[in-house]
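**Q** Got a structure here, written out as C-alpha cells. Questions coming.
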Ligand code: BGC
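In this note's numbering, the protein residues as written are 12 to 907.
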C-alpha cells in the first residue's frame with residue numbers, strides 16, 4: 012500500500028467541470044499522506060480523451076513526463092490542442108524529496124465547451140416580441156425529436172438573455188438556478204453545459220425550456236425593468252454522439268413551439284404568481300399535443316461574447332425547517348425559519364380549486380409581531396399560488412428569490428399548508444472555513460458572517476439580498492473578499508466577478524462602483540470611480556492571487572488595472588486624490604474621515620498592489636514605476652494629513668486604520684498613531700466608530716501594533732455599537748448598519764436598513780488571521796508558505812480554527828488551561844509553516860511532550876527548525892503533519 016496519494020483533483024476552479032472554454036485549463040491537486048514534512052519534488056500528469064486508455068496508460072493527449080517541480084496548484088495543461096465538446100480524463104502522481112513515488116490519483120475529468128462562437132449552430136429564439144407593460148407572463152418552449160440508434164453521450168449547451176430552466180423528457184436538466192446568471196449582457200453572456208446522456212432514449216423524445224426574466228429584463232435595484240432589453244430569448248444545442256461514432260445536433264430554431272403557462276410573472280424583486288390551473292400536463296414530454304402552441308420568434312446573432320461560466324452555479328444548497336409557526340390573524344400563519352436566509356420556501360398544500368395562498372417574506376418583525384417590510388423599499392417579495400384542487404400540491408417559485416427569516420402565509424379557510432421548507436440558495440462554492448471558540452457570541456458572529464456571505468453570493472457579490480437593490484457594489488465586495496476566501500472557495504466566483512468589473516470599465520479607464528454596471532443610470536458620472544469602491548478592480552485580483560496563487564487573474568485584468576491607475580493619475584496630478592468624493596467610510600458612526608485622506612490612502616494602496624502584481628507576472632519595469640508612484644503618493648499623504656505627533660487628520664479610527672494597514676506612515680510615527688487610535692477607542696468606551704471600510708483594517712492594525720487586547724475588547728463588546736449587540740438582539744446575519752435597530756430608537760432609516768449586508772462582517776478576516784492565527788506568509792502567494800501566528804488572549808480559552816487551503820487542511824486549535832497555552836496544529840503536505848508561539852523568556856516550549864529544541868536538534872528526519880525569538884513569540888518552521896505545542900502563558904485577559 013502506497014501511503015502517498017494525490018487527491019481533490021481540480022480543473023480550473025471546479026471539480027470535474029463540464030464545458031470549460033479555456034484552451035489551457037489549469038490542473039491542481041492536494042496530496043494525502045501522514046508523513047511529516049512532506050514536500051513534492053516532481054509530478055507527472057497524464058491526460059487522455061479516453062478513460063480506459065488513461066487507466067491502461069495506452070493513449071494520451073498529454074503526458075507531462077516527470078517534471079521536477081513542487082507546483083501542485085494551477086499547472087497549465089500543455090498537451091495537444093483540446094477540442095470543443097470533447098471529454099478529457101486525467102490523473103497525476105508525485106514524488107517527494109526523498110524520491111518516494113505516490114500512487115496514481117483517481118481519475119478526474121472535464122469536458123471542453125464550445126471554443127469558438129461559430130460552433131453555435133442554434134438560433135436565438137423567444138416569444139414573438141411585443142413590448143410588455145408591467146408583469147410579463149413566462150414562456151414555455153418545447154420540441155419533439157426522434158433518436159434512432161443507441162447513444163454514447165449527449166450534451167446540452169444552453170444560454171439565454173433571461174434565466175432558463177431546461178428539461179428533457181419531463182425531467183429537469185441539471186440543478187442550476189437562474190442560469191446563465193448575471194453578466195453585462197451588452198458585452199457577454201454565459202452558457203451552461205449539461206450531460207444529458209441518461210435522460211435521452213432511443214425513440215421519441217422532447218426537450219423543453221422555461222424562460223424567466225432573470226436579470227435581463229426583470230426588476231433590478233430601483234431602476235425598474237428591462238435594463239438590458241425586453242426581448243427574452245435563449246439558444247440551446249443538444250449534441251448527440253451515437254455508439255456508432257456518428258453525431259447529430261438538435262438546436263433551438265423556428266421548429267420549436269412556444270406557449271404561456273401557469274406563471275403570470277416571476278421576478279427577482281417582486282416574487283412570483285403561479286396558477287396551477289394553467290399547467291400543461293406533460294408539456295416537456297414526447298407525445299404532448301402542441302398544436303395550439305405558437306412558433307417562436309427567431310432573433311439575430313449576438314455580437315458579444317458567449318462564454319462558459321467559470322464559477323460554481325447557483326444551487327439549492329440546504330433545506331431548513333421552520334422553528335416556529337403561529338397564527339397571527341385568522342387565515343394567516345407566521346413561519347419563523349430561525350435563520351435569516353436567501354431563497355424561498357417550498358410548500359405542500361391542499362385546498363379547493365382556485366383558492367389562493369399568498370406568501371410574504373420578511374427579515375424581521377414589528378413589535379406587534381407582524382412582518383416588517385418597510386426596509387424592502389419597492390421589492391414586494393411576495394409569491395402567490397393558485398391551487399388546482401387535486402390533492403396534495405407542491406409549490407415553489409422558479410425565477411425569484413427572497414431575503415427572509417419570516418414568511419407570512421395567508422389563504423382562505425379551505426386551504427391547509429401541511430409542510431413548509433426553506434430552500435437556501437447561493438453559488439455552490441465549497442465551504443472551506445470552520446471556527447469554534449469558547450465564546451458563544453463569537454461563534455454566533457462567525458455563523459452570521461457565513462450566512463451573510465451565503466445570502467449575498469448570488470451570481471455576483473451583492474450588497475443585500477432583499478430590498479430593491481441587490482447590486483454588485485464593488486466596495487463591499489473588496490472589503491469582504493479576504494473574509495469570503497476563508498469561508499468558501501471563492502476563486503472562480505471572484506474571477507468571474509472581475510470580468511463583470513472589467514466589462515463595466517468606462518472608456519476613461521474608470522472602474523465603476525457597481526458591477527455589472529447598470530446602464531440605466533441617467534448621469535454617467537455618478538456611481539463611477541469612487542474611492543474604496545472602484546479600487547476593487549485592483550484589490551480583488553490582488554486578494555485572489557494572494558490566497559489562491561491565481562496569476563491568470565492578474566494577467567487577464569492587468570491592462571484594465573493599469574488603465575485605472577492611469578486614470579487616477581490623470582485626474583489627480585497633485586497625487587492627492589480629490590476627484591471622487593462620494594461615500595467615504597460609509598455608515599461610520601459619529602466619526603467623519605476626511606474624504607481626501609480616505610481617497611488618497613486607497614490611491615496609494617492601489618499603486619502598491621500594482622507594484623506587487625507587476626512583479627508577480629514578471630513586469631519588472633512597471634513594478635518599479637508603480638513602487639515609485641506609491642512612494643510619491645505616500646509622501647503627499649504624509650504632508651497633507653499626518654502631524655509629527657502621529658495625529659492623522661480627522662482623528663478617526665478609520666483614518667488611523669487605513670494609514671497603518673496601507674503602510675503610509677513614517678516608521679517613527681506608526682507607534683504614536685497607533686496610540687492615538689487606541690486612545691480614541693478607549694475614550695469611546697471600547698466602541699467602534701468605523702463604517703464599512705475601516706472595519707476591515709481596524710482589528711488587524713491593533714494586533715500588529717501590539718494592542719491585541721483592544722481588538723478583543725471590540726470583538727467581545729456587547730453594548731451598542733458592536734457585533735455582539737446585534738447578536739444580543741437576535742441577529743442571525745450581519746446588519747448593514749450598526750444602528751439597524753436600537754433599544755432606544757427601534758428600527759432606523761427604513762430606506763437603508765438591510766439585516767443581511769456582509770461588509771461589517773469583514774472582521775471574519777481578523778478572526779481567521781489573528782484570532783485563529785491561520786495566515787499565509789506575506790512573501791509568497793497562496794498557502795505554500797503558511798504562517799501560524801495566533802494572538803492568544805485569555806478572554807477566550809479556546810479557539811479552534813480550520814481552513815481548507817489549495818494544499819489541504821490547515822488547522823490551529825489553541826487553548827489556555829491553567830496558565831499553559833497549547834497549540835494543536837495541522838499543516839498540509841507540500842507546504843511549510845512558520846509557527847509563532849507565545850513565549851516567556853526562559854520558559855520551555857514542548858512539542859508532543861518533549862522540549863521542542865531537543866526535538867528540532869535530535870529527532871531523526873524531523874522537520875522543525877528553530878527560527879529564534881521575535882517579540883513576545885518564539886518562532887519555528889515546521890513541515891506538514893500534526894503538532895502539539897505547549898508552553899507557559901502569561902495572562903493578558905481583556906474583553907469581558
Ligand atoms: C449599498 C452599500 C453600498 C452603498 C454605496 C448602498 O445602497 O447597500 O452597501 O456600498 O450603497 O455607498
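Glycine included, each C-beta is placed from N, C-alpha and C at the ideal position.
#1: Within the 8 Å Cβ cut-off, does residue 251 reach chain C?
#2: From which residue to which residue does the beta strand (DSSP E) around residue 404 run?
#3: Tell me which residues pass a beta-carbon proximity test against the ligand BGC: closer than 5 Å to any heavy atom, given in chain order.
#4: Kindly list the residues whose CB is nearer than 7 Å to the CB of residue 837, restricted to its own chain and excluding five residues on each side of it in sequence; keep chain order.
#5: For a minimum of 3 consecutive residues, which ranges assigned as the beta strand (DSSP E) are wholly contained in the region 27-97?
#6: List the DSSP bridge partners of residue 761.
#7: Give me the DSSP bridge partner(s) of residue 487.
#8: Would you identify the three-state DSSP class for residue 460, choosing helix, strand or coil?
#9: So which of 394, 130 and 444 has the shortest CA-CA distance to residue 312?
#10: Apply the 10 Å Cβ neighbour rule to residue 214 and answer buried if 16 or more other Cβ atoms are within range, or exposed otherwise.
#11: Go through its chain and collect everything with a Cβ distance to residue 757's Cβ below 8 Å, but skip five positions before and after it.
#12: Give the DSSP bridge partners of residue 826, in chain order.
#13: Measuring alpha carbon to alpha carbon, tell me which residue in 828, 800, 799 and 104 is nearest residue 809.
#14: Could you round the C-beta distance between residue 412 and residue 279 to whole angstroms and report it? I think they count as a contact, below 8 Å.
#15: Can you tell me whether residue 847 is helix, strand or coil according to DSSP?
#16: Once the 5 residues before and after residue 764 are set aside, which same chain residues still bring their CB inside 7 Å of it?
#17: Compare the Cα-Cα distances from residue 97 to each of 82, 168 and 503 and report the closest residue.
#18: Within the same chain, show all residues whose beta-carbon is closer than 8 Å to that of residue 186, passing over the 5 residues directly before and after it, in chain order.
#19: Kindly list the residues whose CB is nearer than 7 Å to the CB of residue 618, restricted to its own chain and excluding five residues on each side of it in sequence; keep chain order.
#20: State the beta-bridge partners of residue 415 as determined by DSSP.
#21: According to the Cβ coordinates, are residue 606 and residue 565 closer than 8 Å?
#22: Can you name, in chain order, every residue of its own chain whose Cβ lies under 6 Å from the Cβ of residue 496, other than the five neighbours on each side?
#23: Helix, strand or coil, according to DSSP, for residue 559 in the structure here?
#24: Out of 793, 550 and 92, point me to the one whose CA is closest to residue 560's CA.
#25: Could you check the C-alpha separation between residue 604 and residue 660 for me, to the nearest Å?
#26: On the CB-based measure, 16 or more other CB atoms within 10 Å of its CB, does residue 881 come out buried or exposed?
#27: Go to residue 228, then tell me how far its alpha helix (DSSP H) extends in each direction, as first and last residue.
#28: For residue 24, which of helix, strand or coil comes out of DSSP?
#29: When you compare each of 457, 485, 554 and 143 to residue 493 by their alpha carbons, which one comes out closest?
#30: With distance defined between alpha-carbon atoms, name the residue in 796, 88, 864 and 422 nearest to residue 841.
#31: Secondary structure at residue 337, three-state DSSP: helix, strand or coil?
#32: Pop quiz: residue 419 and residue 766 are said to be a contact at Cβ under 8 Å. What is the actual Cβ separation, rounded to whole angstroms?
#33: On the DSSP bridge assignment, give the partners of residue 897 in chain order.
#34: So, for residue 263: in the same chain, excluding its five sequence neighbours on each side, which residues have a beta-carbon less than 7 Å away from its beta-carbon?
#35: By the 10 Å Cβ neighbour count, where 16 or more other Cβ atoms means buried, how is residue 68 classified, buried or exposed?
**A** Taking the coordinates as given:
#1: Structure shown: chain C not included; a single protein chain is present.
#2: Position 393 of the chain shown, counting from 1, holds the residue named residue 404. Here the beta strand (DSSP E) through residue 404 covers 404-406.
#3: 474, 484, 486, 487, 594 and 597
#4: Position 826 of the chain shown, counted from the start, is the residue given in the question as residue 837. Within the same chain, residue 837 has close Cβ partners 820, 821, 822 and 893.
#5: Runs of the beta strand (DSSP E) inside the region 27-97: 37-43 and 51-59.
#6: What you label residue 761 is simply residue 750 of the chain shown in a count that begins at 1. None; residue 761 has no bridge partner.
#7: As a working mapping, residue 487 is identified with position 476 in the chain shown. DSSP, once it has assigned bridges, lists no residue as partnering residue 487.
#8: What you label residue 460 is simply residue 449 of the chain shown in a count that begins at 1. It is helical.
#9: On the chain shown, position 301 is the one that residue 312 refers to. The candidate whose alpha carbon is nearest that of residue 312 is 130.
#10: The count along the chain shown starts at 1 and reaches residue 214 at position 203. Counting other Cβ atoms within 10 Å of its Cβ, residue 214 stays below 16 and is therefore classed as exposed.
#11: Stepping through the chain shown from its first residue, residue 757 is reached at position 746. Excluding positions up to five away in sequence, the list reads 378.
#12: As a working mapping, residue 826 is identified with position 815 in the chain shown. Paired residue(s): 809 and 833.
#13: For this step, residue 809 is matched to residue 798 along the chain shown. Answer by Cα proximity: 828.
#14: Walking along the chain shown from the start, residue 412 turns up at place 401. Walking along the chain shown from the start, residue 279 turns up at place 268. Sure, about 6 Å apart at Cβ, within 8 Å.
#15: Position 836 of the chain shown holds residue 847. Residue 847: strand per DSSP, three-state reduction.
#16: Within the chain shown, residue 764 is the residue found at index 753, counting from 1. Contacts found: 386, 747, 748, 751 and 758.
#17: Locating residue 97 in the chain shown gives position 86, counting from the first residue. Out of 82, 168 and 503, 168 has the C-alpha closest to the C-alpha of residue 97.
#18: Stepping through the chain shown from its first residue, residue 186 is reached at position 175. Only 324, 326 and 327 meet the Cβ criterion.
#19: The sequence position of residue 618 within the chain shown is 607, counting from 1. The answer, listed in chain order, is 576, 637, 640, 641 and 644.
#20: Numbered from its first residue, the chain shown carries residue 415 at position 404. According to DSSP, residue 415 bridges with 352.
#21: The residue labelled residue 606 in the question sits at position 595 within the chain shown. The residue labelled residue 565 in the question sits at position 554 within the chain shown. No.
#22: If you number the chain shown from 1, residue 496 lands on position 485. Answer for residue 496: 558, listed in chain order.
#23: For the purposes of this step, residue 559 is identified with residue 548 of the chain shown, where counting begins at 1. Of the three classes helix, strand and coil, the one that applies to residue 559 here is helix, per DSSP.
#24: What you label residue 560 is simply residue 549 of the chain shown in a count that begins at 1. Closest by alpha carbon: 793.
#25: Here residue 604 refers to the residue found at position 593 of the chain shown. Here residue 660 refers to the residue found at position 649 of the chain shown. Distance between the alpha carbons of residue 604 and residue 660: 8 Å.
#26: Within the chain shown, the letter at position 870 stands for residue 881. It is exposed - the Cβ of residue 881 has fewer than 16 other Cβ atoms within 10 Å.
#27: Here residue 228 refers to the residue found at position 217 when the chain shown is read from its first residue. Residue 228 -> alpha helix (DSSP H) spans 225-228.
#28: In the chain shown, the residue the question calls residue 24 occupies position 13. If DSSP states are grouped into helix, strand and coil, residue 24 belongs with coil.
#29: Position 482 of the chain shown, counting from 1, holds the residue named residue 493. When only C-alpha atoms are compared, the closest one is 554.
#30: Here residue 841 refers to the residue found at position 830 of the chain shown. Selected option, being the one with the closest Cα: 796.
#31: In the chain shown, the residue the question calls residue 337 occupies position 326. DSSP places residue 337 in strand when its eight states are reduced to three.
#32: Working through the chain shown from its first residue, we reach residue 419 at position 408. Working through the chain shown from its first residue, we reach residue 766 at position 755. Residue 419 to residue 766, Cβ: 17 Å. No contact.
#33: What you label residue 897 is simply residue 886 of the chain shown in a count that begins at 1. Bridge partners of residue 897: 833 and 857.
#34: Position 252 of the chain shown, counting from 1, holds the residue named residue 263. Hits under 7 Å: 133, 134, 136, 245, 246 and 247.
#35: Within the chain shown, numbered from 1, the residue matching residue 68 stands at position 57. It is exposed - the Cβ of residue 68 has fewer than 16 other Cβ atoms within 10 Å.
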